[in-house]
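This report refers to the structure that appears directly beneath it.
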Amino acid sequence: MKLLDQFRTNRAAPARPATEHTIELQHEEDEALVRRAQRGQTRAFDLLIERYKERLYATVYHMTSNREDAHDLVQDTFIKAYRSLGSFKGQSSFYTWVYRIAVNRTINFLKRGKNRTHHSLDNVDDAIQTDPDFVELMSQDTPRRETGLHEQQQRMNAALQKLSDNHRAVVVLHDVQGMTHADIAKMMKCSEGTVRSRLFYARQQLQGLLSEYW
Amino acid sequence: MKCYRVQQLYDDLASGRLPEPLSRDVRQHLADCTDCRVQHQRTGRLQRLLALKRHEQPPAGYFDNFLTEFNARLDADLRRAGFWRRLFAAADLEPLLSWRYGLATAGCLIGALGLLWVGLGQSPAPGSATAPAAGGESMIVFAPAPRGADDDLIAPRFELPLIYATDVEPTISSARVNPSGPVVQQVGATRYVLDRISVTPARYDVSSVDF
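Chains as they are written, first to last, in the working numbering: chain A, 1 to 214; chain B, 1 to 211.
Structure, rendered in structure tokens:
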């Protein structure tokens, strides 16, 4: 129990207000923060969480189409990362490493079929109205002009959920998150050719599922 | 160019990563092949549609308690963890846990090999097939199983060949066996010495059947 108490004392840091030391840490690179976290400075790991939680959440959310699942998975990802921090050798960036944990955990989670069946979607922000892609899509003479934004979002997410886990992962990572084929291949531990092939078939399937948009 | 090959290069064409000659070939193919051109246009639209998902954002304040919740979960996770995990975590030996199955298997293997080694290194006990001869040379002795008074029992007798060691002197060294001479030399009343290991097949005897 002594170890647990010691651990609790160490982890009590987030409750305290930001000190000068914390502000200094905020300017440090990931590598330095990771080294500090590996030496037991929990505040350094907290800063890494602050840095990447939203990006990780976005990826996991797009793969699950469920806000609650995404939240739980991102929490699990950081817990796993914290526990495995000792084995992190810095061969890749911290973000790539934690991103890989998140994607693999999400794929495993979806494979186990424990995800919530209903969609719990985030709101679409107002910035979409000025997005050139959105403007162009709305300007074309297709049924989507009459479709409300919310309905369009529902259809898109429903179509994504019909893809296999691996196909959905590559579509989200490439077409939504903007990652390169090489990075996706590294993350998913497969060849670039496999990534390209999966992307091709996933898009084919999506085009079939969203045929009213063409 | 083949259509399949071109379809794999849409992303690289859009991002300008293709070398100029290849890019020119792909564009030429798209101009000539209607199927690929339509496919290319649809892929572009789909990508723009998917890119709009970036505008899906969680409500404001969604991450406010993220860190507090993380610490609470981590605390709960550590409580659930067993003693060993806590000990390993405190001693910064966490990576060893990921190797625990490998380490355990290696330990078992080493243990088994050790036992085998110790077993082989032991001096032969009575009953083993070989025993040092008086002159320090090994010998092989075979003796038939002792037969007693129950030979006359009705029950059929299933005899396995038994190999006995001997602690008596009359031995014959394999090096001193004369090929033209007798191979088996009697040792004592019922013991025989062979010049080689020989396992005779099992015998199934019914000595007598009385009704």
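Backbone N, C-alpha and C fix where the C-beta goes; we use that ideal spot for every residue, glycine too. Source: prediction; values computed, not measured.
- In the DSSP assignment, A/M156 falls within the alpha helix (DSSP H) that extends over 149-161.
- Taking a contact as a CB-CB distance under 8 Å, the pair B/M1 and B/D35 does not count as one, their CB atoms being some 13 Å apart.
- Contact of A/R67 with chain B is assigned, a C-beta pair being separated by under 8 Å.
- Between the alpha carbons of B/L78 and A/A81 lies a gap of roughly 14 Å.
- Among the residues of chain B, those whose CB is under 7 Å from the CB of A/K53 are F63, F66, following chain order.
- Rounded to whole angstroms, the separation of the alpha carbons of B/G61 and A/I49 is 16 Å.
- Measuring C-alpha to C-alpha distances from A/V103 to each of A/S211, A/Y57, A/S84, A/L85 identifies A/Y57 as the nearest.
- Contact of B/A14 with chain A by beta-carbon distance below 7 Å is absent, the smallest such distance being about 11 Å.
- Fully contained in the region 21-60 of chain A is no beta strand (DSSP E) run of length 3 or more.
- Going by beta carbons, A/I101 and A/D165 fall outside the 8 Å limit.
- DSSP places B/Q8 in the coil class of the three-state scheme, outside both helix and strand.
- With fewer than 16 other Cβ atoms inside 10 Å of its own Cβ, B/R80 counts as exposed.
- The continuous alpha helix (DSSP H) containing B/G121 extends over residues 100-121.
- Between B/F70 and A/E54, the gap from beta carbon to beta carbon reaches 8 Å or more.
- Under the three-state reduction of DSSP, B/N65 is assigned to coil, being neither helix nor strand.
- B/A76 is classed as exposed because its beta carbon has fewer than 16 other beta carbons within 10 Å across all chains shown.
- When C-alpha distances from A/Q207 are compared across B/K53, B/V38, B/P58, the shortest belongs to B/V38.
- Within chain A, the residues placing a beta-carbon under 7 Å from that of B/R73 are Q75, I79, ordered along the chain.
- Here DSSP, grouped into helix, strand and coil, assigns B/Q57 to strand.
- Taking 8 Å as the CB threshold, A/F109 stays off the interface with chain B.
- With a threshold of 16 other beta carbon atoms within 10 Å, A/N157 meets it and is buried.
- Taking the beta carbon of A/I49 as reference, the chain B residues within 9 Å of it are F66, L67, F70, listed in sequence order.
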